[in-house]
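Asks: Numbering (the numbering used here), first residue to last: 890 to 1190.
For each residue, glycine too, the CB sits at the ideal point set by N, CA and C.
Below, the structure written as C-alpha cells:
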C-alpha cells in the first residue's frame, strides 16, 4: 500500500483526538479538538482564560485518571518544568480528571491517515521513528491508528539540532536564553483575539526581580508607550534583541552592559496591563519569534 503524500502545514492548533491507552487503562488521548468541549465543562471565566492562551504554539489537554505532570511531559516529549510553569503548578502537583492544561506546541508538517496505513510505514516514508511520531501526537498504542486522523510529523532527527542539550549562555550564542522570571504563563505568543501578541506574559508578584535573558547592551530603558509602559530592551549583538515590558521600575540605563541573569527591572503593571506581570519578547533581526523555542530550561522555583 502506497502512502498518500498529503503533507501540509498545520493551520489549526487543536488536533484530532487519538485512541490511546494511558497509565495501562483504556482511555482516549485527551488533546482537545474543539473549544466548545471546554466551554461546556468549565465556568465562563475559566473558559475565557483558557481560550485566550490557545494559539498556534499551544494546545489544550484534558487530564485523564492517573495522569501526572511528569507522565504527560514524557508522552509529549516536553519539559516538565515548563509544563508546570505554564499552568501555575508544581511538578509534583496532583491533577484531577477533567482538568485542562495548556501544553507548549511547535507546529510542523501533518499527514492524514488513509486506509491501510500503519505507523511503521509512515515512519519509514518520512524518515522518522515510530516513537517520535507517537510522542508528537500523544499516542501510546501504535495499533489504534484511525483513518482520517491528522498526525503531526516532527522534524527529522537527522536534520534537527539536539534540543536536549542546554548550551551555556555566551556572547554570540543564538540558542539559549535564561528565563527572565519564573511564574505562570498567562498569555502565549501568537494571535490573541484580533491582535498578534509578540511575546509571552509571565505573572509574578509586584516588585519581583526581572533578569536579563542573555548578556547584552541596554539600548532602551524608560517609558516606551501607553501599551508597553516602562520597558527595557537589550541587544545581544548577534541579531537578537529581548524586550521586558510593564515594569514598575527599570534598574538599568541605556548604554549599560549586563550579564545573563543580572537584575534589570522590577515587575509591575505599567502601560496596558490588567495586573502585575512581565511581557517578554525575543526578536531575531526584525522578526518576533516565540520565546518558548529559546527558553530551554526552567530553573527551580
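#1: Check whether the region 1015-1034 touches the region 1114-1126, taking contact to mean three or more Cβ pairs, one atom from each stretch, closer than 8 Å.
#2: Can you name the residues that DSSP bridges to residue 1166?
#3: Does the beta-carbon distance from residue 1107 to residue 1145 come in below 8 Å?
#4: If you reduce the DSSP assignment to three classes, tell me which class residue 1124 lands in.
#5: Helix, strand or coil, according to DSSP, for residue 966 in the structure here?
#6: Would you tell me roughly how many angstroms separate the C-alpha atoms of residue 1010 and residue 1020, rounded to the nearest one?
#7: Just the C-alpha distance for residue 1067 and residue 1149, rounded to the nearest angstrom, thanks.
#8: Below 8 Å between beta carbons: does that hold for residue 1123 and residue 1092?
#9: Over what stretch of residues does the beta strand (DSSP E) that includes residue 949 continue unbroken?
#10: Give a yes or no on contact between the region 1071-1082 and the region 1118-1136, applying the rule of three or more CB pairs nearer than 8 Å.
#11: Give the straight-line distance between the Cα atoms of residue 940 and residue 924, rounded to the nearest whole angstrom.
#12: Roughly how many whole angstroms lie between the Cα atoms of residue 1134 and residue 1142?
#13: Is the beta carbon of residue 1002 closer than 8 Å to that of residue 1036?
#14: Just the C-alpha distance for residue 962 and residue 1136, rounded to the nearest angstrom, thanks.
#15: Compare the beta carbon distance of residue 990 and residue 967 with 8 Å and say whether it is the shorter of the two.
#16: Please state if the CB of residue 1089 and the CB of residue 965 are separated by a distance shorter than 8 Å.
#17: Is DSSP giving residue 943 helix, strand or coil here?
#18: Quick one: Cα of residue 934 to Cα of residue 942, how far?
Replies: Looking at the coordinates:
#1: Touching, no.
#2: As a working note, residue 1166 is residue 277 in the chain shown. DSSP, once it has assigned bridges, lists 1092, 1157 as partnering residue 1166.
#3: As a position in the chain shown, residue 1107 is number 218, starting the count at 1. As a position in the chain shown, residue 1145 is number 256, starting the count at 1. The answer is yes: Cβ separation under 8 Å.
#4: On the chain shown, residue 1124 is found 235 positions in, with the first residue counted as 1. Strand.
#5: By one-based count along the chain shown, residue 966 stands at place 77. Assigned with DSSP and collapsed to three states, residue 966 falls in coil, not helix or strand.
#6: Counted from its first residue, the chain shown places residue 1010 at position 121. Counted from its first residue, the chain shown places residue 1020 at position 131. Taking the straight line from one Cα to the other gives about 13 Å.
#7: Locating residue 1067 in the chain shown gives position 178, where the first residue counts as 1. Locating residue 1149 in the chain shown gives position 260, where the first residue counts as 1. Going from the Cα of residue 1067 to the Cα of residue 1149 covers about 7 Å.
#8: Locating residue 1123 in the chain shown gives position 234, where the first residue counts as 1. Locating residue 1092 in the chain shown gives position 203, where the first residue counts as 1. Not a contact, by the Cβ cut-off of 8 Å.
#9: The residue labelled residue 949 in the question sits at position 60 within the chain shown. According to the DSSP assignment, residue 949 belongs to the beta strand (DSSP E) that extends over 947-951.
#10: Contact fails between the region 1071-1082 and the region 1118-1136, because fewer than three Cβ pairs, one in each stretch, are under 8 Å apart.
#11: The count along the chain shown starts at 1 and reaches residue 940 at position 51. The count along the chain shown starts at 1 and reaches residue 924 at position 35. CA-to-CA, the gap between residue 940 and residue 924 works out to about 7 Å.
#12: Here the question's residue 1134 lines up with position 245 in the chain shown. Here the question's residue 1142 lines up with position 253 in the chain shown. Residue 1134 and residue 1142 have their C-alpha atoms some 15 Å from each other.
#13: Residue 1036 sits at position 147 when you count from the first residue of the chain shown. Residue 1002 sits at position 113 when you count from the first residue of the chain shown. Between residue 1036 and residue 1002, the gap from beta carbon to beta carbon is short of 8 Å.
#14: As a first step, residue 962 is located in the chain shown; it is residue number 73 there, counting from the start. As a first step, residue 1136 is located in the chain shown; it is residue number 247 there, counting from the start. Computed Cα separation, rounded: 32 Å.
#15: For the purposes of this step, residue 990 is taken as residue 101 along the chain shown, with counting starting at 1. For the purposes of this step, residue 967 is taken as residue 78 along the chain shown, with counting starting at 1. Their beta carbons are not under 8 Å apart, which means residue 990 does not touch residue 967 by this criterion.
#16: In the chain shown, the residue the question calls residue 965 occupies position 76. In the chain shown, the residue the question calls residue 1089 occupies position 200. Here residue 965 is not near residue 1089, since their CB atoms are 8 Å or more apart.
#17: As a working mapping, residue 943 is identified with position 54 in the chain shown. Reduced to three states, the DSSP call for residue 943 is coil.
#18: For the purposes of this step, residue 934 is identified with residue 45 of the chain shown, where counting begins at 1. For the purposes of this step, residue 942 is identified with residue 53 of the chain shown, where counting begins at 1. Cα to Cα, the separation comes out at about 13 Å.
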